[in-house]
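Undergrad: In our numbering, the protein residues as written are 85 to 635.
The C-beta atom is built at its ideal place from N, Cα and C for all residues, glycine as well.
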Amino acid sequence: MIEVTELHYQYPAGQSPALIAPRWFVGEGEFVLLAGTTGSGKTTLLRSLVSLVPHFYGGWFGGRVVIGGRDTRSHRPADLADLVGYVSQEPEAQTLLDRVADEVAFALENLGYSSGAVAARVEEALDLLGIAHLRERPIESLSGGERQRVTLAAALALRPRLLLLDEPTSQLDPWAAESVLEVLRRLVDELGVTVILAEHRLDRLLGSATRLTVMDKGHLVADGPPAETAAFLPDPPLLVQLSQALGWSPPALTVADAKRRLGRASFPSRAKRHLAGGEVILTLEGVTCQRGDRVVLRDIDVVFRRGSVTVIVGRNGAGKTTLVRAALGLEPVQRGRVRLFGHEPGEPAFRKRLRSVAYVPQFPGALLLATRLADDLELARQSRECSHDAVQAMVDMFELAPLLSAHPFDLSSGERQRAALAVALLGNPELIVLDEPTRGLSLTVKRRLAKELRQRAAGGATVIVTTHDVDFAAAVADRVLLLGNGTAIAEGPPEQVLGESFAYAPLISRIFGPAFLDLEDVLEVLAATSPPLDWPIGYTLDVDDVDGIRM
85 MIEVTELHYQ
95 YPAGQSPALI
105 APRWFVGEGE
115 FVLLAGTTGS
125 GKTTLLRSLV
135 SLVPHFYGGW
145 FGGRVVIGGR
155 DTRSHRPADL
165 ADLVGYVSQE
175 PEAQTLLDRV
185 ADEVAFALEN
195 LGYSSGAVAA
205 RVEEALDLLG
215 IAHLRERPIE
225 SLSGGERQRV
235 TLAAALALRP
245 RLLLLDEPTS
255 QLDPWAAESV
265 LEVLRRLVDE
275 LGVTVILAEH
285 RLDRLLGSAT
295 RLTVMDKGHL
305 VADGPPAETA
315 AFLPDPPLLV
325 QLSQALGWSP
335 PALTVADAKR
345 RLGRASFPSR
355 AKRHLAGGEV
365 ILTLEGVTCQ
375 RGDRVVLRDI
385 DVVFRRGSVT
395 VIVGRNGAGK
405 TTLVRAALGL
415 EPVQRGRVRL
425 FGHEPGEPAF
435 RKRLRSVAYV
445 PQFPGALLLA
455 TRLADDLELA
465 RQSRECSHDA
475 VQAMVDMFEL
485 APLLSAHPFD
495 LSSGERQRAA
505 LAVALLGNPE
515 LIVLDEPTRG
525 LSLTVKRRLA
535 KELRQRAAGG
545 ATVIVTTHDV
555 DFAAAVADRV
565 LLLGNGTAIA
575 EGPPEQVLGE
585 SFAYAPLISR
595 IFGPAFLDLE
605 DVLEVLAATS
615 PPLDWPIGYT
625 LDVDDVDGIR
635 M
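This is how it looks when you write it as structure tokens:
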């Protein structure tokens, strides 16, 4: 299906090759997972498979890429449209039309399908992705996750033999992510479609992929069955790290496998996090927001206190982004009241206090205005009146040193996310609002971000995060607010709202129980328990006189 030989590629503005792949072959019906840190070459490899490299991006191209017998040197992307479906890293930039059904039908109509065939395929694709209810919705009214599913539906409507997906679950809630992965499994197992998927969040995928290809600095450094190749991952997912800590070889690739290996082991209870009770910084009282005839938020009552980290979760379209926009005066409120630092939107004092707010929207490129990342950071430094050392700390935390001279538009989605976070977090903002901040981030960078946010809260900042990444939410939150259909469904500590949930439980909670939210919780208990980490499968820890959690 795919033959890559002696491939070398360098972007026009690049200083070194972005991709070097001497030999890589993929057969029909394989499910290949591409993994590697941000900037490792995953996106560039996918672009080469759909012929965007080099026909759209230009640059220096050598070697051959043959897709289904078609050489990409002589076949442009349009020449592969009947064979290859492609969903980019930024689906919001991949839509062209105004209405969902029209967007899904667009490529089919351009390829000359009859109106009956177009209607049938559109309906099929909408049903497969669970978005038939969005059929008549304007694209601009959709959440990021809803747009992601619409773009995938447009690709599936073509019934491609090869499906290329660049972080297809990055903006999806847990239910939607699992439903998309189930569709991909069916496409591979029942229809023989070849799927190549690049992702940072690997735990859901390792058990489904037939191959794992690991990339680093443009090179393919490992390729093979996931159980054998996972050891080469530069930033292993939680399941692999847990397996390494417990001495499991090969590693567990699914939650079910991990629970089987644990047997009937018991674990001591842990001290729960306490909710912060500082000064009220932000209040929403009976807030209702409406777009056209659709109510997006309904009668929301919530307060955010100094020194706390509140994470807002919920399905795509539940109203998370609307809530934080309304809180910052960026979304009109039809009914109710918003008060920030005691002031309401429209008051001069409200606008003045916004200077002490750090906000990263769902589309982080909006914060990058200069022609070089270094200039954006310098502008932020001057505005926040902070030191050059503070800038350097952000550069180090988010691994931005190689990117300082780059134009923001030349950065990958994950690189732009890191850059926007660095710009926003400079100085000492009193309120930090991050909308889906972990998109495209490696596990290492996510851990640094979680640690930084908790330190900022300990220093008196108020932190609000919206996310679909429940493992990140579990690592950072004091309190979790669950939204559903525009209303507040649940509110409380993460071990209650997340750990005891079927849909939103973090991976570690699903294995060890709700008192365990992240890997550090497990390692902390195991380090204090005898025998240490190398206890055998099925061994029951000695927890006399301690209330344990029985698995």
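#1: Quick check on T455: buried or exposed, where buried means 16 or more other Cβ atoms within 10 Å of its Cβ?
#2: When we look at the beta-carbon of K436 and count the other beta-carbons within 10 Å, is it buried (16 or more) or exposed?
#3: If we ignore side chains and look at the alpha-carbon of each, how far apart do L337 and L565 end up?
#4: What residue range does the alpha helix (DSSP H) around M478 cover?
#5: Identify which residue in F145, L256, R245, G291 has its Cα closest to the Cα of E274.
#6: Report the option in A542, V422, E499, M481 whose CA atom is closest to the CA atom of D562.
#7: So, is the C-beta of V264 closer than 8 Å to a C-beta in chain B?
#8: Does the Cβ of H472 have 16 or more other Cβ atoms within 10 Å, making it buried, or fewer, making it exposed?
#9: For R137, does the three-state DSSP call read helix, strand or coil?
#10: Could you name the residues of the same chain whose beta carbon sits closer than 6 Å to that of G413, not counting the 5 residues immediately before and after it, in chain order?
#11: Among the residues of its own chain, which have a CB less than 6 Å from the CB of N400, if the five just before and after it don't count?
#12: Buried or exposed for P320, going by 16 or more other Cβ atoms inside 10 Å?
#13: Give the list of continuous alpha helix (DSSP H) stretches no shorter than 4 residues that lie fully inside the stretch 410 to 460.
#14: Kindly indicate the opening and closing residues of the alpha helix (DSSP H) around T235.
#15: Could you pull out every residue in the same chain whose Cβ sits closer than 8 Å to the Cβ of G169, ignoring the five residues on either side in sequence?
#16: Can you tell me which of the three DSSP states Q99 falls into?
#17: Apart from the five residues just before and just after Q99, which ones in its own chain have a Cβ nearer than 8 Å to its Cβ?
#18: May I ask you to list the residues that DSSP assigns as paired with F145?
#19: On the DSSP bridge assignment, give the partners of H303 in chain order.
#20: To the nearest angstrom, how far is the alpha carbon of A97 from that of W144?
#21: Report back the beta-carbon spacing between P310 and L323 to the nearest angstrom; my notes put them in contact at under 8 Å.
#22: In terms of DSSP beta bridges, what is E274 paired with?
#23: Could you give the residue range of the alpha helix (DSSP H) that holds T253?
#24: Taking C-beta to C-beta, are A293 and F109 nearer than 8 Å?
#25: Go through its chain and collect everything with a Cβ distance to R154's Cβ below 8 Å, but skip five positions before and after it.
#26: Please name the residue or residues paired with F115 in a DSSP beta bridge.
#27: Considering only their Cβ atoms, is the gap separating E251 from H303 smaller than 8 Å?
#28: Taking C-alpha atoms, which residue in R219, Q539, V408, P175 lies nearest to A189?
#29: On a Cα-Cα basis, can you pick out the residue from F556, L509, V339 that is closest to T528?
#30: Answer yes if the stretch 547 to 555 comes into contact with the stretch 385 to 397, meaning at least three C-beta pairs across the two stretches below 8 Å, and no otherwise.
#31: Within this structure, are the beta carbons of C290 and A314 separated by less than 8 Å?
#32: If I measure Cβ to Cβ from E584 and keep anything under 6 Å in the same chain, skipping five residues before and after, which residues do I get?
#33: Please go through the same chain and pick out, in chain order, the residues whose beta-carbon is closer than 7 Å to the beta-carbon of Q255, but skip the five residues on each side of it.
#34: Counting Cβ pairs closer than 8 Å, one from the stretch 532 to 539 and one from the stretch 359 to 378, do we hit at least three?
#35: Looking only at its chain, what residues have a beta carbon closer than 7 Å to the beta carbon of R594, apart from the 5 residues adjacent to it on each side?
#36: Where does L495 sit, in a helix, a strand or coil, going by DSSP?
TA: This is what the structure holds:
#1: Around the beta-carbon of T455, fewer than 16 other beta-carbon atoms lie within 10 Å, marking it exposed.
#2: The residue in question, K436, is exposed, as its Cβ has fewer than 16 Cβ neighbours within 10 Å.
#3: So the two alpha carbons sit approximately 30 Å from each other.
#4: It spans 472 to 481 - the alpha helix (DSSP H) in which M478 sits, taken as one unbroken run.
#5: The option with the nearest alpha carbon to E274 is R245.
#6: Ranking A542, V422, E499, M481 by Cα distance to D562 puts A542 first.
#7: Considering every chain present, this structure includes no chain B. It has just one protein chain.
#8: Burial is judged here by how many other beta carbons sit within 10 angstroms of a residue's own beta carbon; H472 has fewer than 16 and is exposed.
#9: The sequence given here places Val at residue 137; Arg does not occur at that position. V137: helix per DSSP, three-state reduction.
#10: Excluding residues up to 5 positions away in sequence, P429 lie with their Cβ nearer than 6 Å to the Cβ of G413 in the same chain.
#11: Contacts found: S227, G229, E230, D257, A260.
#12: By the neighbour-count criterion, in which a residue is buried when 16 or more other Cβ atoms sit within 10 angstroms of its Cβ, P320 is buried.
#13: Annotation: the stretch 410 to 460 contains the following complete segments of the alpha helix (DSSP H) (minimum length 4 residues), in chain order: 432 to 437.
#14: Membership of T235 in the alpha helix (DSSP H) is indicated by the continuous run 228 to 240.
#15: In its chain, beyond the 5 residues on either side, A239, L240, L242, P244, L246, L247, L248 have a beta carbon closer than 8 Å to the beta carbon of G169.
#16: Three-state DSSP puts Q99 in coil, outside helix and strand.
#17: So no residue of the chain qualifies.
#18: F145 is bridged to Y93.
#19: In DSSP, H303 forms a bridge with I104, D300.
#20: Rounded to whole angstroms, the gap between the alpha carbons of A97 and W144 is 10 Å.
#21: The Cβ separation is near 10 Å, so there is no contact.
#22: DSSP links E274 through a beta bridge to no other residue.
#23: Neither: T253 is in no alpha helix (DSSP H) and is coded neither H nor E.
#24: Contact: no.
#25: Within the same chain, D163, L164, L167 come within 8 Å of R154 by CB-CB distance, once the 5 residues on both sides are set aside.
#26: DSSP lists V279 as partners of F115.
#27: The answer is no: Cβ separation not under 8 Å.
#28: Selected option, being the one with the closest Cα: R219.
#29: Answer by Cα proximity: F556.
#30: Segment contact: the stretch 385 to 397 against the stretch 547 to 555, three or more CB-CB distances shorter than 8 Å; contact assigned.
#31: A small fix is needed here, since residue 290 is Leu in this sequence, not Cys. Taking 8 Å as the Cβ cut-off, L290 and A314 qualify as a contacting pair.
#32: Closer than 6 Å at the Cβ level, and outside the excluded window around E584, lie P598.
#33: Correct list, in chain order: G228, G229, Q232, E520, R523, H552.
#34: The stretch 532 to 539 vs the stretch 359 to 378: no contact.
#35: Taken in chain order, the residues that qualify are V339.
#36: Of the three classes helix, strand and coil, the one that applies to L495 here is coil, per DSSP.
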